[in-house]
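Notes to accompany the following structure.
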Amino acid sequence: MPLPLSVFVITLNEAARLGATLDAVRPWAGEIVVVDSGSTDATVEIARAHGARVFHRDWSGFGQQKRFAEDQCTHDWLLNLDADEIVTADLAAEIAELFSSDAPDPALFNVRILNVYPGSLRPRPFASDYNVVRLYHRSQGRYRDHAVYDRIEPEAGATVRQLRGALHHFPVVDIAQMVHKGNRHSGHAIERLAKRPRWQLKLRLPVQFPWSFLQFYLFRGHIFGGWKGFAFALNGAFMRTMRIAKALEYREKLAADVNRAGPPTAKAG
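Okay, structure coming up:
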């Protein structure tokens, strides 16, 4: 029987991956909500073919899109998925167990999200990438209104529990897209980063790459991913380093614009 929960997904041109995401939840989800921001491929048609209720909303940021999607859901229990994530059989069974006798007490549930390299079918050994709230009761929290960092803001006194099962995340389809995506993400929140002292950014620039590479490769376990793990760690370190370089460039452009404009002209009288 369908569970009393709504699965919601935000999309833009996800025809290549959305079908697998919805296939994994369609047998047991009480409702599927898709909020699309203007796909030009078959994303909307695929969503409707899987029984989803589809809404259009012009893109305004990750947090804003997800808050809108929350408001369209009819159930109080919500499961958020990205269009490139698949609920594993273990996670699906665990969620079903939660609702086996009655709906559980309102809470927030953390879910492990494990990256899968392009061309692979499962995560690397010992993968441990993210652990964030994805299954939750709407009375316990909702997505914050942030354009980039979409995270659940818990209500005061909210209960946070952990699920054992995981989501498999297929973030890119090939190495070229990984590099392109890393370059695009390195431009997020540049204005905020550029507000830091220039000397601080310049000191961080030469050490950011080796430190980030160690974080990705050793501490996050990409060392167990073979050559793909090495490439993934390399790209992650490059992305973080380029954020600093772009912030420094942004500061210089602002200074150049001020110099070209010259000092403010005093008003006569």
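Just add 11 to the spot in the sequence shown (first one is 1) and you have my numbering.
Quick reminder that beta carbons are idealized off the backbone N, C-alpha and C, glycines included.
Three or more beta-carbon pairs separated by less than 8 Å link the stretch 122 to 131 to the stretch 164 to 181, which places the two stretches in contact.
The residue from Asp113, Arg28, Val122 and Ala205 with its alpha-carbon nearest to that of Ala58 is Arg28. With 16 or more other Cβ atoms from the protein chains shown falling within 10 Å of its own Cβ, Tyr147 counts as buried. With respect to Glu42, Ala94 sits apart: the two C-beta atoms are not nearer than 8 Å.
Using a Cβ distance threshold of 8 Å, Val36 and Phe66 do not count as a contacting pair. Taken through DSSP and simplified to helix, strand or coil, Ser223 comes out as helix. Assignment of alpha helix (DSSP H) within the stretch 144 to 219, counting only whole runs of 4 or more residues, yields 186 to 196 and 201 to 204 in chain order. In the structure shown, the three-state DSSP call for Asn121 is strand. Residue pairing of Asn142 in beta bridges, as defined by DSSP: Arg123. In the three-state reduction of the DSSP assignment, Gly41 falls in the strand class. Within the same chain, Ile43, Val44, Val45, Val46, Lys77, Ala80, Glu81, Gln83, Cys84, Leu89, Leu90, Asn91 and Leu92 come within 8 Å of Phe19 by CB-CB distance, once the 5 residues on both sides are set aside. Looking only at Ile163, Ala158 and His157, the smallest Cα-Cα distance to Ser150 is reached by Ile163. Per DSSP, Thr22 is one residue of the beta strand (DSSP E) stretching across Leu14 to Thr22.
For the 8 Å CB-CB criterion, Gly152 and Leu102 do not form a contact.
Between the C-alpha atoms of Asn246 and Lys213 there is a straight-line separation of about 21 Å.
Contact between Ala258 and Leu225 is absent: CB atoms are separated by about 22 Å, not below the 8 Å threshold.
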